[in-house]
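For reference, the structure is listed below as structure tokens.
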Amino acid sequence: MTQEYLEEVAEKNFSKNHYWFIRFRSTRSYAKLDQAQKANAFYITQAFVGLAYRYQLRSPRRWTAASVKEVFKEYFPRKIAADKVFFNSVFPVMRRYFAFLGAQHKISNAQTLINALDSLDPQKFVNHSSDVKYWDDSKKQGMRIILGWTDGFTEQDQQRFSEDCNMFVPLSVVKQHRNLPDNIVVLTDSRRKQAAQRIEQRTKQQK
2 MTQEYLEEVA EKNFSKNHYW FIRFRSTRSY AKLDQAQKAN AFYITQAFVG
52 LAYRYQLRSP RRWTAASVKE VFKEYFPRKI AADKVFFNSV FPVMRRYFAF
102 LGAQHKISNA QTLINALDSL DPQKFVNHSS DVKYWDDSKK QGMRIILGWT
152 DGFTEQDQQR FSEDCNMFVP LSVVKQHRNL PDNIVVLTDS RRKQAAQRIE
202 QRTKQQK
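What follows is the structure, encoded as structure tokens:
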């Protein structure tokens, strides 16, 4: 049976990763990351999870060495709008995160994935991610916003771009390198609709 992209599976993957990352953040391995890596770490893991499912239909237990290489060689550089600080943080963060997921029995092939990551050239990865000839149209638009080349984009516009085109990597966080708040909620389309319905119901009850 042919697989297809399902919003509910994407939401489940994002939610699981959010929970796992909160646990990862309490480890000594996370503590060894530098400040820039910590500031970007959550969004790096969410982007990886989102890209792997969106373009490969792979949830965490189905990640392979080949799929990991493809995400880092093809999808991160082409799809994610971010600066060099973000991309310099990707390999150190994901190396530790794969090890953490293996230790927590969330994936069974952590060392295989780490070996795949280690086989890639981190400088080439950063260079490709920063080279406009590798970018798709949505990343080009995101980079214009980050670099201040586009006027008239509000914070809401930036948030919408982050959710729709950038695997929830917020353009404002890329620029400011703020740490992840504990109460962050990552919204997919279905969750946004549910939240809007709850707000509407509460508003009616208060009238």
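So for the sequence shown, the working numbering puts the first residue at 2; every next one is plus one. The beta-carbon is built from N, C-alpha and C at its ideal position, and this holds for glycine as well. Here the structure is a predicted model, which is why all the values come from computation and not from measurement.
Taking 7 Å as the limit between beta carbons, can you name the residues of its chain near residue i, skipping five residues before and five after?
i	result
Ser68	Ala53, Gln57 and Arg59
Arg203	Note that Arg203 has pLDDT 49, beneath the 50 cutoff, so the model's placement of it is unreliable and the number below is only indicative. The answer is none, since no qualifying residue turns up.
Leu172	Ala82, Gly143, Ile146, Ile147, Gln159, Phe162 and Ser163
Val72	Phe49, Leu52 and Ala53
Trp64	Ala53, Ile108 and Leu114
Arg192	Caution is warranted here: a pLDDT of 49 is assigned to Arg192, below 50, making its placement in the model unreliable, and the coordinate value is therefore given only provisionally. Within the same chain, Arg192 has close Cβ partners Glu12.
With distances taken between CB atoms, is the gap from residue i to residue j smaller than 8 Å?
i	j	result
Lys70	Leu121	yes
Val127	Asn89	yes
Ile23	Arg62	no
Asp93	Leu7	According to the sequence provided, residue 93 is Pro. The question's Asp does not apply to it. Going by C-beta atoms, Pro93 is not nearer than 8 Å to Leu7.
Ala66	Ala111	no
Val91	Ile45	yes
Could you tell me how far apart the beta carbons of residue i and residue j are, in whole angstroms, since I believe they sit closer than 8 Å?
i	j	result
Met95	Phe49	6 Å
Ala83	Val170	6 Å
Return the chain-ordered list of same chain residues with a C-beta closer than 8 Å to the C-beta of residue i, the five sequence neighbours on each side being excluded.
i	result
Ile115	Arg96, Phe99 and Ala100
Cutting at 6 Å between CB atoms, please list the residues of its own chain near residue i, excluding the five before and the five after it.
i	result
Gln4	Leu58
Pro123	Phe92
With three or more C-beta pairs closer than 8 Å as the rule, is the stretch 76-84 touching the stretch 137-150?
Because the criterion of three Cβ pairs below 8 Å is met, the stretch 137-150 and the stretch 76-84 touch.
Kindly confirm or deny that the stretch 27-40 and the stretch 10-18 touch, where touching means at least three C-beta pairs closer than 8 Å.
At 8 Å Cβ cutoff, the stretches do not touch.
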